[in-house]
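Residue 0 is where the sequence shown starts when you use numbering that gives the first Met the number 0, and the numbers rise one by one after that. Built from N, CA and C at the ideal position, the CB exists for glycine as well. All values derive from a computational prediction rather than experimental measurement.
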Amino acid sequence: MSKLSMNTALINIIIANVLISLISLIGGFSILSKKIFSKNNIHYMVAFAAGVILTTVFFDLLPEALHSSEETGFKGNILAPAFFGLLMSFFIERFVIWFHHHESTHGLKPTIFLITIGDLIHNFVDGLTIAGTFLANPYLGIITTVAIAAHELPQEISDLGIYFNSGLTRNKALILNFLTAIAAVAGGIIGYYFLTYIKFGLPIVLSFSSGIFIYIAGSDLIPGLHKHFNKQKKWAQTIPFILGIIIMYLLIYFLHH
C-alpha cells in the first residue's frame, strides 16, 4: 500500500469513528428528547442491529479474515482469535456485573462509573476493528462502520437514559460521551499503526472482532429480544431483524461487486 493510500486509510478510520460517535450521540439525544422510543420499544432497533451484526460477521468479516490469513501466510487457526474475542467479551461483562453487585457505596454514581468504563473499553475495541477493516478493504470498512453504528445507536439511547435517570445534566452526559468517543478514535489510530507494521495482525484483528460481534449479538441483543417477546407482536421484532439481514447482505453484495 502506497504512502498516499495509507494516509487515506488513516483519514477514513478517523472519520468513520467520529461519524459513529456523532450519529449515536445526536440520534440518542433526539430520540430521547422527542420520546419516540421508550424502554419498552427500543428492542425494535435492537432486532435490526442484531440482523446487521450477524450478517456482517458471517458474510464479510470472517471471510475477509480467512482471505487475509491466506495472503499474509498466517499458519495458525484463524478461528482461534474469534474464540478468544468471544471469551474476552464474556469475562469483561462478568467482571462489570460482579463489580456492580459488590459495590458497597450507595447511590447511582457507581453505575455511571461502570457504564463509562465499559463504553471506553467497548469504543476502543470498535476503533481497533474499524482500523483493521479499512486496512483490509475500504468497502469492508464501510460495512463494518454501518454495523457498529446500528448497534451503537440503541446502546447510546440506553446509556443516555441511565445518565439522565441518575441525575446527570445534558452537558455532563455530553462530556462523558465525548470522552468515550475519544477512546474510539484512539483505538482507530493505534490499530492503524499497529496493523501497518505487524504482518499477521490484520487477520487476527478481523477474526477477533468477529468473536466480539458474535458475543454482542448472541449474548446481548438476541436474548434481549426474547425477554421482550410478545405473541401478539412477534412480527414486530422479526421484521426489523430480517430487514437488518437483507439490507446488510445487499450492501455487502453491491459494494463487493
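Around the Cβ of Thr168, are there at least 16 other Cβ atoms within 10 angstroms (buried) or fewer (exposed)?
Classification for Thr168: exposed.
Look at the alpha carbon of Ile244 and the alpha carbon of Leu159, and state the distance between them as a whole number of angstroms.
Between Ile244 and Leu159, the C-alpha separation is close to 27 Å.
Cβ neighbour criterion (16 or more within 10 Å) applied to Phe240:
The residue is buried, with at least 16 neighbouring Cβ atoms inside 10 Å.
Apply the 10 Å Cβ neighbour rule to Pro222 and answer buried if 16 or more other Cβ atoms are within range, or exposed otherwise.
Exposed, since its Cβ has fewer than 16 Cβ neighbours within 10 Å.
Helix, strand or coil, according to DSSP, for Ile52 in the structure here?
It is helical.
Take the Cβ of Tyr162 as the centre, count every other Cβ of all protein chains shown within 10 Å, and call the residue buried at 16 or more, exposed below.
By the 10 Å Cβ count, Tyr162 comes out buried.
For Thr223, the first and last residue of its enclosing alpha helix (DSSP H)
Note that residue 223 is Gly in the sequence shown here, rather than Thr. Counting along the chain, the unbroken alpha helix (DSSP H) around Gly223 starts and ends at Ile221 to Lys226.
Are the beta-carbon atoms of Ala15 and Ile111 separated by less than 8 Å?
No.
Using a 10 Å radius around the Cβ and a threshold of 16 neighbouring Cβ atoms, would you call Asn76 buried or exposed?
Exposed, since its Cβ has fewer than 16 Cβ neighbours within 10 Å.
Taking the alpha helix (DSSP H) that Leu201 belongs to, which residues open and close that run?
Its alpha helix (DSSP H) spans residues Gly200 to Tyr214.
Spatial neighbours of Asn11 within its chain, please: C-beta separation below 8 Å, excluding the five flanking residues on both sides.
Contacts found: Phe133, Pro137 and Gly140.
Extent of the continuous alpha helix (DSSP H) run through Ser68:
Leu61 to Thr71 is the span of the alpha helix (DSSP H), which, as asked, contains Ser68.
Would you be able to state if there are at least three C-beta pairs under 8 Å between the stretch 59–69 and the stretch 184–198?
Three or more beta-carbon pairs separated by less than 8 Å are not found between the stretch 184–198 and the stretch 59–69, which leaves the two stretches without contact.
Taking contact to mean 3 or more Cβ pairs, one atom from each stretch, closer than 8 Å, check whether the stretch 207–226 and the stretch 46–58 are in contact.
Yes, since at least three Cβ pairs between the stretch 207–226 and the stretch 46–58 fall closer than 8 Å, the two stretches touch.
Note down the Cα distance separating Ser265 from Gly166, rounded to an integer number of angstroms.
In the structure as shown, the chain starts at 0 and stops at 256, and residue 265 therefore has no counterpart that could be examined.
DSSP state of Lys136 mapped onto helix, strand, coil:
Correcting the residue type first, residue 136 is Asn in the shown sequence and not Lys. Reduced to three states, the DSSP call for Asn136 is coil.
Candidates Gln154, Ala135 and Phe177: closest to Lys198 by CA position
Taking only the C-alpha atoms, the option nearest Lys198 is Ala135.
CB of Trp234 to nearest heavy atom of the ligand GTP: below 7 Å?
Here there are no bound small molecules, and the ligand GTP is not part of this structure.
Pop quiz: Ser20 and Ala149 are said to be a contact at Cβ under 8 Å. What is the actual Cβ separation, rounded to whole angstroms?
The pair is not a contact, with the Cβ atoms about 14 Å apart (cut-off 8 Å).
Among residues of its own chain, excluding the 5 on either side of Gly43, which ones have a beta-carbon nearer than 6 Å to its beta-carbon?
One detail in the question is off: residue 43 reads as Tyr in this sequence, not Gly. For Tyr43, the CB contacts under 6 Å within the same chain, skipping 5 residues up- and downstream, are Pro239 in chain order.
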